[in-house]
Each structure stands twice: as structure tokens, then as C-alpha cells.
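Reading through the C-alpha cells given below for one structure.
Residue numbers (UniProt numbering): 1 to 356.
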């Protein structure tokens, strides 16, 4: 078996996009915990419960289980649970056994993401959830999706923190020679659990992904500034502009095209991860053609990663024990992320301190 990145349980993870959760029951598995998600009838508050009936373990996310108001009625024998997970009805008797309850999980809806806390509920502080405001801010348009990958979530973290693979794995879409050729700068805030990796290209080829969507012809300046908030949220602040055009001294950037690329990296179980991806832009926001182009192209890029990581997971599973990886400068961010994840697992009982 390949090496598995252990799970940091006392952390917030993205379980779904806001639009996925409604009055239909939705099943997800996070850190090996099976969950059922839905919204209350009155005010649409998201609810997350353990997805197994206490009676015979029937999945509460599966038909014919249904909602009766805000209560879940198990589709096997009718055990009924309220939003706190307390069983309020069992068939054939008036007395409900005291142990008839399913776990309910702290949940926060923010920036069009549904965040869930799998660890000790007493430690769940919504204030430490990192922000991705562009996902539902005015002036931004977002395309998004989610792909499950049959790989350890640590492999996806590695992949996203080393963008030099764009040149080779994503050539013809977002990769050009300059991405791999340009050195990176890396900053690590161990205490806050944040890794920043930057690659600024002053004179680069414009990849098809941007040439066709922005209309820029010729060479570009291209900046990629990554911010990884361990364990779950990855933000890539991308800027492109015609070559030689830099932001104004005051930081304003009238000639730049800004794209925010967001990933939520949510471990599902051992060797499986949910890859939530989104591309937000503040340019050509009313151009439906650009929206569809970015959606299709980014989905293709994500699927190239999915294929590569599925293969990598299988390959690592066939390696002899004690095999050695070779790491170089481009891996600085990924190695820092591994260190932080290991620390979060180790300290377990204490959530990472983040300044909002």
C-alpha cells in the first residue's frame, strides 16, 4: 500500500457546495465518516447528521428514506430523527430507547461552501474557517465542479503546490515552458498553517486557456500566487497582462485579468479525496461564451490531474517498502504542507489558530 497521509480530525472541511444541498438528501463521506446533508424547510439552514440509522445501519441518504418536515424518516423501518440527530419515533412502541440517536456535526455555510467539523464538537470555532469571498462576491463569476479521485489527499496537495507540472501535464491548456523554467519563492507560516508559493513570469507565452478567453495576443506577464490553508483550502491568485504591463504604484491593475482558482481538498477515506474546483474571474463577467469555455477547459485540466493521480496512487501501491523520493526546489511548498499536516494530525485536539 502507498503511504497514507493521516487525517487531522479537529479541522473544518468542505463537504459540499451550497447549491448541492437542498431538500433532497445528499450523502458524502469525510475522513471515513458517512454523512447525510439537507436543509431545514423554514429557513434553509444546512443540517449534517451521521448517515446510518441506529437500528439496522440503513443509509439515511438513500431512498426510500425521506424528509418529513425537518425530520429524517429512515426508509427501512421508519426510525425518525430530528435535526439534532435525536430519534423521536420508533415503530411498534411508544418508548424511544435513550441510545437511539445519530451524531450531528457542526456546520457553517460561508462563501457558497458548506464546511463541516468532524472532530470534537466543543473545539469547532467558525472564526478559523479561511475565506474564499470571490466565490459569491458581486463582480465575480465562477464556474465550479467536484471530482472524486482514488488517491491519498496528500498527493493532491503535492500536485497543487507544485505548478511546474502544468508545463508537461497540461500543455496546450494552461501549461507553457515558462511555468517550469521560472524559479519559485516559498513562505511558510507554520503557526497559522499557511504555505505561500509564488511564481512571477515577466515575459511568458500566453497559454490557450487565457489567449482564447481574454483575447490577449502575444507575450504576457503571468503571476501565480498560491495560498494554501491547511488542511483543506487552496487559493491560486492568478494575474495575466500583456508583457511589460505591470500594476500601478498604488497596486491598482487596470490592464490585468484576475482569476481566482479555488480548490477544497477534502479527504473522503483512505486513498480517496474529493477535489472541489472553482475558477472565478472579474473580467468579461457577462460573457456566457467565456464562462462555458472556462468551464469546459478547466474540467479537462482537472481530469488530467485525476487521471495522473489515480495512476500515481496505483503505482505507489506497487513500490517496494523503503523506496526513496527525490525532492528539489520546486517541492519546497509541498514539503512544508506535509510538515504542517503531520503537525495538525499530531496535535489533534487543538484547532489551528488563524487570523481572520
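Glycine included, each C-beta is placed from N, C-alpha and C at the ideal position.
What you are looking at is a predicted structure, and each value in this text was computed from that prediction instead of being measured.
Would residue 114 and residue 21 qualify as a contact pair, given that the criterion is a beta-carbon distance under 8 Å?
yes
Looking at C-beta atoms only, is the number of pairs between the stretch 220-229 and the stretch 243-261 that lie closer than 8 Å three or more?
yes
I'd like the span of the alpha helix (DSSP H) that includes residue 212, first residue to last.
208-214
What are the residues that DSSP puts in a beta bridge with residue 188?
195
Give the secondary structure of residue 276 by DSSP, where H, G and I count as helix, E and B as strand, and everything else as coil.
strand
Tell me the rounded alpha-carbon separation between residue 73 and residue 81.
7 Å
Within the present structure, is the beta-carbon of residue 156 separated from the nearest heavy atom of the ligand FMN by less than 7 Å?
Judged by which ligands are present, the structure shown has none, so any question about the ligand FMN falls away.
Determine whether the beta carbon atoms of residue 154 and residue 9 lie at a separation below 8 Å.
no
At the level of alpha carbons, what is the spacing between residue 292 and residue 76?
42 Å
Could you give the first and the last residue of the continuous alpha helix (DSSP H) run that contains residue 340?
332-347
Taking its Cβ as the centre, do 16 or more other Cβ atoms sit within 10 Å of residue 111, making it buried, or is it exposed?
buried
What number of angstroms, rounded off, separates the C-alpha of residue 200 from the C-alpha of residue 173?
19 Å
Which residues in the same chain as residue 4 place their Cβ atom closer than 6 Å to its Cβ, once the five residues preceding and following it in sequence are excluded?
152 and 270
Taking the alpha-carbon positions, what's the residue 280 to residue 92 distance?
53 Å
Residue 47 vs residue 149 beta-carbon contact at 8 Å:
no
Going by Cα to Cα distance, which pick from 128, 277, 347 and 176 is closest to residue 135?
277
Hey, which unbroken runs of the beta strand (DSSP E) at 3 residues or more fall wholly within the stretch 44-105?
46-50, 66-68, 71-73 and 87-89
DSSP three-state call for residue 324: helix, strand or coil?
coil
Please go through the same chain and pick out, in chain order, the residues whose beta-carbon is closer than 6 Å to the beta-carbon of residue 84, but skip the five residues on each side of it.
104
With respect to the beta strand (DSSP E) encompassing residue 293, which residues constitute its N-terminal and C-terminal limits?
First-last for residue 293: 288-316, but that is the alpha helix (DSSP H), not the beta strand (DSSP E).
Cα-Cα, which of 34, 322 and 89 is closest to residue 62?
34
In three-state DSSP terms, what is residue 31?
coil
Coarse secondary structure for residue 164, derived from DSSP in three states:
helix
Decide yes or no for the touch test of the stretch 183-203 against the stretch 303-319: beta carbon pairs closer than 8 Å, at least 3 of them.
no
Would you kindly check if the distance between the Cβ of residue 265 and the Cβ of residue 161 is under 8 Å?
no
Less than 6 Å between C-beta atoms, sequence neighbours within five positions excluded: which residues of the same chain meet that for residue 207?
174 and 176
Quick check on this structure: which residue in 29, 11, 69 and 324 has the alpha carbon closest to the alpha carbon of residue 39?
69
Closest by C-alpha distance to residue 137, when choosing among 267, 32, 285 and 297
285
For the beta strand (DSSP E) that residue 260 lies in, which residues bound it at each end?
257-269
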